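Line by line, the protein sequences give chains A and B. To convert, note that position 290 of the first sequence is 289 in numbering that gives the first Met the number 0; the numbers rise steadily by one, no gaps. To convert, note that position 45 of the second sequence is 44 in numbering that gives the first Met the number 0; the numbers rise steadily by one, no gaps.
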Amino acid sequence: MSDRRIFVDYIARTEGDGAIDIVIGPNGEIKKARWEVWEPPRFFEAFLVGRKYDEIPEMVQRICGICPHGHHLAAVRAVERAMGVKVSRQTTLLRELLHYGDWIQSHTLHVYCLAAPDYLGYESVLAMAGNEELLPVVKQALSLKRLGNDMSVLIQGNEIQNRTSVVGGFTAVPSGSELRKIKERLKEAKDFAVSTVRLGAKVASQDPYPQLVRKCEHVSLREEGKYPINGGRLVSTEGLNVPDWEYPEWLIEKHVPGCNCKHAIVKGRDSFLVGPLARVNNNFDLLSKDAQAIAKEVGFTVPDFNPFHSIIARGIELVHAIDTAMELIDELGDPVYEEPKYEIKAGEGYAVTEAARGICCHGGRIDKDGVCQKWDIVAPTSRNVYNLEKDFEYFVPKLLNLSDEELTLKCEMMIRNYDPCQSCATHSIKVNLRREA
Amino acid sequence: MAKPKIAFFKFSSCAGCQLNVLNLEPILLDIVGAVDIRYFVMAKRENFEGPYDIGFVEGAVTSPRELMELKKIREECSILVAQGACACHGGIPSVKNFSGMTQKEMEQRVYTELWDLKSFPAQAIDYYVKVDAYLKGCPMDKDEFVTLVTSALKGINPLFRYHSVCNECKLKENNCLVLTKGKACMGSVTAAGCGAQCPSLGRPCEGCRGPASDCNAASLAKTFIDLGLSRDDVVRKFRKYAGNTPEFSKGAEAV
Numbered sequence: 000m001s002d003r004r005i006f007v008d009y010i011a012r013t014e015g016d017g018a019i020d021i022v023i024g025p026n027g028e029i030k031k032a033r034w035e036v037w038e039p040p041r042f043f044e045a046f047l048v049g050r051k052y053d054e055i056p057e058m059v060q061r062i063c064g065i066c067p068h069g070h071h072l073a074a075v076r077a078v079e080r081a082m083g084v085k086v087s088r089q090t091t092l093l094r095e096l097l098h099y100g101d102w103i104q105s106h107t108l109h110v111y112c113l114a115a116p117d118y119l120g121y122e123s124v125l126a127m128a129g130n131e132e133l134l135p136v137v138k139q140a141l142s143l144k145r146l147g148n149d150m151s152v153l154i155q156g157n158e159i160q161n162r163t164s165v166v167g168g169f170t171a172v173p174s175g176s177e178l179r180k181i182k183e184r185l186k187e188a189k190d191f192a193v194s195t196v197r198l199g200a201k202v203a204s205q206d207p208y209p210q211l212v213r214k215c216e217h218v219s220l221r222e223e224g225k226y227p228i229n230g231g232r233l234v235s236t237e238g239l240n241v242p243d244w245e246y247p248e249w250l251i252e253k254h255v256p257g258c259n260c261k262h263a264i265v266k267g268r269d270s271f272l273v274g275p276l277a278r279v280n281n282n283f284d285l286l287s288k289d290a291q292a293i294a295k296e297v298g299f300t301v302p303d304f305n306p307f308h309s310i311i312a313r314g315i316e317l318v319h320a321i322d323t324a325m326e327l328i329d330e331l332g333d334p335v336y337e338e339p340k341y342e343i344k345a346g347e348g349y350a351v352t353e354a355a356r357g358i359c360c361h362g363g364r365i366d367k368d369g370v371c372q373k374w375d376i377v378a379p380t381s382r383n384v385y386n387l388e389k390d391f392e393y394f395v396p397k398l399l400n401l402s403d404e405e406l407t408l409k410c411e412m413m414i415r416n417y418d419p420c421q422s423c424a425t426h427s428i429k430v431n432l433r434r435e436a
Numbered sequence: 000m001a002k003p004k005i006a007f008f009k010f011s012s013c014a015g016c017q018l019n020v021l022n023l024e025p026i027l028l029d030i031v032g033a034v035d036i037r038y039f040v041m042a043k044r045e046n047f048e049g050p051y052d053i054g055f056v057e058g059a060v061t062s063p064r065e066l067m068e069l070k071k072i073r074e075e076c077s078i079l080v081a082q083g084a085c086a087c088h089g090g091i092p093s094v095k096n097f098s099g100m101t102q103k104e105m106e107q108r109v110y111t112e113l114w115d116l117k118s119f120p121a122q123a124i125d126y127y128v129k130v131d132a133y134l135k136g137c138p139m140d141k142d143e144f145v146t147l148v149t150s151a152l153k154g155i156n157p158l159f160r161y162h163s164v165c166n167e168c169k170l171k172e173n174n175c176l177v178l179t180k181g182k183a184c185m186g187s188v189t190a191a192g193c194g195a196q197c198p199s200l201g202r203p204c205e206g207c208r209g210p211a212s213d214c215n216a217a218s219l220a221k222t223f224i225d226l227g228l229s230r231d232d233v234v235r236k237f238r239k240y241a242g243n244t245p246e247f248s249k250g251a252e253a254v
């Protein structure tokens, strides 16, 4: 088990400051392509041992402020599996709605605030707002992001850290009338989400992005009959298809001598990609009708192995999230408060969710008093690091005609494609680019 | 008057407090227009060296590199603000300080290659440098952030609350979770400002905003025992978001 622990080493250190170190040899060959991260570790897996079962979801959502719900919901489900807790249909629906709200917030943040400025030639979304033509777009993006946040506030009391969501259910539920107000706003926001797909397709069609295709294994969840968000089986474009709780067995890491980063691979194969592009590739048939329609309109076909198309995949998922959230609100009707009821039992449980930026895995062992004995965490970004380094190795030689400044920006964009769990990591990256004579 | 130069920094934390600045969507562009954001790596590609008028620091200090940076930041910022539970009190990263394991034991539990690790007990930033203002909570409260920025623009002291979350619950006419449901709520010892967010939604306060002034944590700890909590449960309650503080330490040590 010590191997999997190292994984977490990597998550913690993926957050915050990092550096890309690329060395290009005299014949244009890549001598070194590495993403180095110095973020201090916080030791979640160590200090969770000895804490109470209900503190696990409360604490792990604090791993990442950008996708707290992905961590929280994976941990809640892992604890429930460990203790054999069953939750109501209403709780399941509310959890999905909560997580879709997070996707709307996170995808809008990523597309407009983190990725679009690169494609449109601005240093930030704030600079974009200074352009009169773009200002209305920025304002609409901020209001869509607000809508995602308002869904979170309505369901769990805060934009970021969960207040009401607990093991067994919720300590309070929103009223049907409040949910229906959200539905009205979702309806109004839909056109903008659709335009996001068109914007993504337009900016990603500029040179050199269409040429930057690299086939690799795309891993995501897949659920029968619905697009995956809070559960499902672990599947891939190379035929992986296993129950989610078996993730420790299939997604493993390999220590490469001479390199201090741990490389995540699919057992017996190679690096893999997680996130919206992988989800869309593996679940295109399960997207909402309108999400599929807009994808076809912009010429997006699966499987798509261009990581620069992840901006399109995020747009497609925005449309899908809005459609699905409206359906969930219809089905929820007028929620009634249900007291979370369960018995504390000893057990072991693992669960995976689809955080906005990819599969998020939690699990461990709880004793008969409800005290945590062991907890494993693997966040999406740590899955992607090895694959990202392979992107560098494959794409940089194709971009050698660019100036250092432009090539540096392209390398940063390769990282932002993955929307690392801490978006701060994407922007604080220092690129050391060295061309050897 | 020139726009105040603002900077945002992040240490050991989740970046949620910085995100909460971007979560000010309806007024974000107004706020940004009223100040000069010189350093904000989460949102901007172009960032500038100090000095700054106001520096916001998110996160606890857990490594030598962070400590060095913090000291430099202190010199560069006229007003230094601790942003969120981690910077104010140590927050969730400080849970490791009370895990019962040594730093090395924890490292061995999580990692295999220890040579690369340089981590020490998590501390609030005021353990090392003078702090001028605190934006408490996990995450920090957006409204308090706006209050602080607008007060700074006007050149007046921001009005923050020093009473407890309990008071806010009473103002909201909530049923008390301790008295009516026997739940272990930290509201009576925790600093107000969140509007009693959790108890208003049926969840006991977890103390994320740290101690209220003049709080009696030892007495609450004894109440928790009367409610049926074990000694370990009580210790866990007080050693979570602000376990480093002398006030909450009294609660943890009272049982």
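Cβ atoms here follow ideal geometry from the backbone N, Cα and C, with glycine treated the same way. Bear in mind the structure is a predicted one, so any value in this text is a computation, not a measurement.
Identity of the residue in the options nearest residue i by Cα
i: Y161/B; options: A123/B, S12/B, G194/B; result: G194/B
i: V110/A; options: E74/B, K169/B, A42/B; result: A42/B
i: K9/B; options: K70/B, N174/B, G181/B, G58/B; result: G58/B
i: C66/A; options: Q102/B, V31/B, K71/B, L18/B; result: L18/B
i: Y99/A; options: K367/A, I328/A, E342/A; result: I328/A
i: E353/A; options: P396/A, V370/A, V279/A, V136/A; result: V279/A
i: E145/A; options: L398/A, Q104/A, G199/A; result: Correcting the residue type first, residue 145/A is Arg in the shown sequence and not Glu. Of L398/A, Q104/A, G199/A, the residue nearest in Cα terms is Q104/A.
i: A39/B; options: A33/B, E24/B, P25/B, V56/B; result: The sequence as given places Phe at residue 39/B; Ala does not occur at that position. Cα-wise, what sits closest to F39/B is V56/B.
i: L143/A; options: A126/A, R41/A, D101/A, G120/A; result: D101/A
i: S12/B; options: N26/A, G27/A, N386/A, P40/A; result: P40/A
i: R33/A; options: L406/A, L134/A, E388/A, G231/A; result: E388/A
i: R179/A; options: V22/A, K397/A, E326/A, E338/A; result: E326/A
i: L152/B; options: R64/B, P63/B, V34/B; result: V34/B
i: R197/A; options: V136/A, A324/A, L185/A, Y121/A; result: V136/A
i: D443/A; options: K4/B, E45/B, E75/B, V128/B; result: Only positions 0 to 436 of chain A appear in this structure, which leaves residue 443/A out of reach.
i: L96/A; options: T407/A, S309/A, D149/A, L141/A; result: D149/A
i: A190/B; options: L200/B, P210/B, A183/B, K171/B; result: P210/B
Contact check, residue i vs residue j, beta carbons under 8 Å
i: W374/A; j: E158/A; result: no
i: V86/A; j: P334/A; result: no
i: Q155/A; j: G15/B; result: no
i: Y417/A; j: R213/A; result: no
i: A263/A; j: S381/A; result: yes
i: K344/A; j: G64/A; result: no
i: I310/A; j: A81/A; result: no
i: I224/B; j: V234/B; result: no
Under 7 Å from the C-beta of residue i: neighbouring residues of chain A
i: M100/B; result: A45
Chain A residues whose Cβ lies nearer than 9 Å to that of residue i
i: E48/B; result: Within chain A, no residue comes near E48/B; the closest Cβ sits about 15 Å away, beyond 9 Å.
i: R235/B; result: G49, R50, K51, E54
i: E45/B; result: E122, S123, A126
i: E65/B; result: P39
Cross-chain neighbours of residue i in chain B, by beta carbon under 7 Å
i: I159/A; result: G15, L18, N19, P138
i: G170/A; result: What sits at residue 170/A in the sequence shown is Thr, not Gly. By Cβ distance, chain B contributes L200, G201, R202.
i: F42/A; result: K95, M105, V109
Contacts that residue i makes with chain B (C-beta to C-beta distance below 9 Å)
i: C63/A; result: C13, A14, G15
i: T380/A; result: Result: empty, since nearest Cβ-Cβ is about 12 Å, beyond 9 Å.
i: M58/A; result: I91, V94, K239
Amino acids of chain A, ordered along the chain, whose beta-carbon sits closer than 8 Å to that of residue i
i: A42/B; result: C112, S123, V124, L125, H426
i: S62/B; result: P39
Where residue i meets chain B, residues with beta-carbon distance less than 8 Å
i: L455/A; result: This structure leaves residue 455/A out entirely; chain A is present only between 0 and 436.
#### Entry: Positions along the segment 152-178 of chain B whose CB lies within less than 9 Å of some CB in chain A
none
### Inter-stretch contact (C-beta, 8 Å, three-pair minimum) for the segment 74-87 of chain A and the segment 352-369 of chain A
Taking 8 Å as the limit for Cβ pairs, the verdict is that the segment 352-369 of chain A does touch the segment 74-87 of chain A.
#### Entry: Members of the segment 104-122 of chain A that neighbour chain B once the beta carbon cut-off is set at 9 Å
Q104, L108, C112, L113, P116, D117, Y121, E122
### Task
Assess, as a yes-or-no matter, whether the segment 267-281 of chain A is touched by the segment 167-180 of chain A under the definition of 3 or more beta carbon pairs within less than 8 Å.
Not touching, per the Cβ criterion.
### Query
Quick one, which residues of the segment 23-34 of chain B are near chain A if we go by CB-CB under 7 Å, in chain order?
E24, P25, L27, L28, V31
### Query
Hey, is the segment 235-250 of chain B in contact with the segment 211-223 of chain B, meaning 3+ C-beta pairs nearer than 8 Å?
yes
### Message
Quick test of the definition: if touching needs 3 or more C-beta pairs under 8 Å, does the segment 84-102 of chain B touch the segment 46-62 of chain A?
### Response
yes
### Inter-stretch contact at 8 Å, needing at least 3 Cβ pairs: the segment 374-385 of chain A / the segment 52-69 of chain A
Yes: at least three Cβ pairs fall under 8 Å.
### Given 8 Å, three or more beta-carbon pairs between the segment 313-324 of chain A and the segment 206-224 of chain A
In this structure the segment 313-324 of chain A does not lie against the segment 206-224 of chain A, because fewer than three pairs of beta carbons, one per stretch, are closer than 8 Å.
#### Entry: chain A contacts from the segment 205-221 of chain B (Cβ-Cβ distance under 9 Å)
E205, C207
### Query
Is there contact between the segment 292-300 of chain A and the segment 397-410 of chain A, where contact requires at least three CB pairs shorter than 8 Å?
Contact check between the segment 292-300 of chain A and the segment 397-410 of chain A: fewer than three CB pairs, one atom from each, fall below 8 Å, which does not count as touching.
### Query
Of the residues that make up the segment 346-374 of chain A, which ones have a beta carbon closer than 7 Å to any beta carbon in chain B?
Residues passing the 7 Å Cβ filter: none.
### Three-pair Cβ contact test at 8 Å for the segment 64-71 of chain B versus the segment 20-35 of chain B
no
### Query
Using a beta-carbon distance cut-off of less than 7 Å, what residues from the segment 181-200 of chain B approach chain A?
Q196, C197, L200: these are the residues of the segment 181-200 of chain B whose beta carbon lies less than 7 Å from some beta carbon of chain A, given in chain order.
### Query
Going along the segment 67-85 of chain A in order, which residues come within less than 8 Å of chain B, judged by CB to CB distance?
P67
### Task
Would you be able to state if there are at least three C-beta pairs under 8 Å between the segment 72-82 of chain B and the segment 129-139 of chain B?
yes
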